[in-house]
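*Asks:* Here it is: the structure, laid out below.
Numbering (this note's numbering), first residue to last: 1 to 125.
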């Protein structure tokens, strides 16, 4: 997670937004906490909780989780307005890109979310 957050900081420095690790995100009375989020500058925050959808929500698969659980989280993030979700499995060095309204796509080279692009080889180096 930390390596990924550092890679996303490049886009933060370009003025595209901000990256945060385990930032709470609220929609109505429900709160979710993606492993990593990238949200636009000026996004609504209330008491340190994100209230606007992030540009990108990222889930990192842990040994106790199933991929299907994380894809279900992505569906919820899309329903809340996040346009893109990545699911990353460090143990198999596999990554999936899930854009709202599209099918989940396994990626080999690059993960993208708008202007954000991350090399999968660099992510798992």
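Glycine residues also receive a C-beta, built at the ideal position from the N, C-alpha and C atoms.
By the DSSP assignment, the alpha helix (DSSP H) with residue 121 in it spans what residues?
*Replies:* Looking at the DSSP string, the run of the alpha helix (DSSP H) that includes residue 121 is 120-123.
*Asks:* According to the Cβ coordinates, are residue 16 and residue 37 closer than 7 Å?
*Replies:* Not a contact, by the Cβ cut-off of 7 Å.
*Asks:* In three-state DSSP terms, what is residue 6?
*Replies:* Residue state, collapsed to three classes: helix.
*Asks:* Take every Cβ of the region 37-53, pair it with every Cβ of the region 91-106, and state whether three or more of those distances are shorter than 8 Å.
*Replies:* The region 37-53 is not in contact with the region 91-106.
*Asks:* Suppose contacts are defined by Cβ-Cβ distances below 7 Å. Is residue 110 in contact with residue 117 by that definition?
*Replies:* Contact flag set, yes.
*Asks:* Quick one: give me the first and last residue of the alpha helix (DSSP H) that residue 70 is part of.
*Replies:* Where residue 70 is concerned, the enclosing alpha helix (DSSP H) stretches over 67-79.
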